[in-house]
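Student:
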Amino acid sequence: MVTNENYKKAEKYFERAGKKFDLKDFVGAIFDYTRALKLNPRLSEAYNNRALAKAALGDFTGAIDDYTRAIELDPKFSEAFNNRGLAKASLQDYEGAILDFSRAIEINPDYRNARFNLKAAQGQLKNYGGLIDEFSKIIETNPNDAKAYYNRGLTKSHLDDYEGAVSDFSKAIELDSGYGEAYFNRGAVKLLMLDDKDGGRKDLTKAGELGCTDAYEVIKKYWSQTGG
277 MVTNENYKKA EKYFERAGKK FDLKDFVGAI FDYTRALKLN PRLSEAYNNR
327 ALAKAALGDF TGAIDDYTRA IELDPKFSEA FNNRGLAKAS LQDYEGAILD
377 FSRAIEINPD YRNARFNLKA AQGQLKNYGG LIDEFSKIIE TNPNDAKAYY
427 NRGLTKSHLD DYEGAVSDFS KAIELDSGYG EAYFNRGAVK LLMLDDKDGG
477 RKDLTKAGEL GCTDAYEVIK KYWSQTGG
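Residue numbers (this note's numbering): 277 to 504.
1. Note the first and the last residue of the continuous alpha helix (DSSP H) segment covering T431.
2. Rounded to the nearest angstrom, what separates D490 and G484 at their Cα positions?
3. Between the C-alpha atoms of D444 and S378, what's the straight-line distance to the nearest angstrom?
4. Does DSSP classify F353 as helix, strand or coil?
5. Which runs of the alpha helix (DSSP H) fall wholly inside the stretch 380-465 and span at least 4 residues, in chain order?
6. Between the stretch 470-489 and the stretch 450-461, can you find at least three pairs of beta-carbon atoms closer than 8 Å?
7. Can you tell me the Cα-Cα spacing of Y492 and F297, whole angstroms?
8. On the CB-based measure, 16 or more other CB atoms within 10 Å of its CB, does S433 come out buried or exposed?
9. In this structure, does DSSP put R477 in helix, strand or coil?
10. What is the DSSP secondary structure of K300, counted as helix, strand or coil?
11. What is the DSSP secondary structure of Q501, reduced to helix, strand or coil?
12. Which value, in whole angstroms, describes the spacing of the CA atoms of L335 and L486?
13. Below 8 Å on the Cβ atoms is my guess for I414 versus L394; work out the distance and round it to an integer in Å.
14. List the whole-angstrom C-beta distance separating Y343 from A329, where the pair is believed to meet the contact cut-off of C-beta under 8 Å.
15. Identify which residue in S453, D301, Q368 and A331 has its Cα closest to the Cα of Q400.
16. Could you tell me which of L315, G304, R292 and N427 sits nearest to E281, measuring between CA atoms?
17. Sort L319, A390 and E450 by Cα distance to E348 and report the nearest one.
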């Protein structure tokens, strides 16, 4: 239970955080929103606003977590749904974004920004589908075009078709055994999306040997975080 004293203190931190946000001091805003939430954990607007600050710093995953908490506290919080949709779209999760924008509109049918964002996300999904069609046509014309397979694989990965992406990356490698980027992306999908640690590490190591030095950083970061 939040005491009256803590409620008042939380409001002061909340107001100060808003001022810091307006001054683009996003780190300071996050700090004060966090202090407000420690005093009043049910302050849904603080979660939403802290998420906005995290998104401004590029931490879209952290922002989604905060938006989700705000929605759990207030299931009719249309702005939080819209904002979470924007964060998901920034991570290219357009299907998830569409669901959130749609929910925001369902709660508030006059929410123009959510309607605009919904159309934009739907357009992105359509664009990816069109790209797959284009790369498929190229492959039909030239079945030995490794780059077309690679680009189609990238597009499939954006649409969360990870098995299909791996298949296309594999075909690109079959056609060009020195295709470092194909090894890199196949390894990243295996490791991060399909939980194929051995296959992912093998591909990323090969990518590094072929000149994709970022592959070693991915391996190092993954194993330092997971201990795997």
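Cβ atoms here follow ideal geometry from the backbone N, Cα and C, with glycine treated the same way. Keep in mind that this is a model prediction, so the values were computed, not measured.
Tutor: According to the structure shown:
1. Numbered from its first residue, the sequence shown carries residue 431 at position 155. From DSSP, the alpha helix (DSSP H) with T431 extends over A422 to H434.
2. Residue mapping note: residue 490 aligns to position 214 of the sequence shown, counting from 1. Residue mapping note: residue 484 aligns to position 208 of the sequence shown, counting from 1. Using only the alpha carbons, I get a separation of about 7 Å.
3. Here residue 444 corresponds to residue number 168 of the sequence shown, with the count starting at 1. Here residue 378 corresponds to residue number 102 of the sequence shown, with the count starting at 1. D444 and S378 have their C-alpha atoms roughly 33 Å apart.
4. Sequence index remark: in the sequence shown, residue 353 carries index 77 (1-based). Three-state result, F353: coil.
5. Runs of alpha helix (DSSP H) with 4 or more residues, each lying fully within the stretch 380-465, are found at 388-417, 422-434 and 438-451, listed in chain order.
6. Contact holds between the stretch 450-461 and the stretch 470-489, because three or more Cβ pairs, one in each stretch, are under 8 Å apart.
7. Working through the sequence shown from its first residue, we reach residue 492 at position 216. Working through the sequence shown from its first residue, we reach residue 297 at position 21. Using only the alpha carbons, I get a separation of about 36 Å.
8. Residue 433 sits at position 157 when you count from the first residue of the sequence shown. Note on S433: 16 or more other CB atoms within 10 angstroms of its CB, so buried under the neighbour-count rule.
9. In the sequence shown, residue 477 corresponds to position 201, counting from 1. In this structure, R477 counts as helix in the three-state DSSP scheme.
10. Translated into positions along the sequence shown, residue 300 becomes position 24. DSSP places K300 in coil when its eight states are reduced to three.
11. Along the sequence shown, one-based indexing puts residue 501 at 225. In the three-state DSSP reduction, Q501 falls in the helix class (H, G or I).
12. Counting from one through the sequence shown, the residue named residue 335 turns up at place 59. Counting from one through the sequence shown, the residue named residue 486 turns up at place 210. Here residue 335 turns out to be Asp, not Leu, going by the sequence shown. Roughly 31 Å between the two C-alpha positions.
13. For the purposes of this step, residue 414 is taken as the residue at position 138 of the sequence shown. For the purposes of this step, residue 394 is taken as the residue at position 118 of the sequence shown. Actually they are not in contact, since the Cβ atoms of I414 and L394 sit about 31 Å apart, beyond 8 Å.
14. Numbered from its first residue, the sequence shown carries residue 343 at position 67. Numbered from its first residue, the sequence shown carries residue 329 at position 53. Between the beta-carbon of Y343 and that of A329 there is about 12 Å, and that puts the pair past the 8 Å contact cut.
15. Position 124 of the sequence shown, counted from the start, is the residue given in the question as residue 400. Selected option, being the one with the closest Cα: Q368.
16. On the sequence shown, position 5 is the one that residue 281 refers to. Of the listed residues, the one whose Cα sits closest to E281 is L315.
17. Position 72 of the sequence shown holds residue 348. If we check each option's Cα against that of E348, L319 comes out closest.
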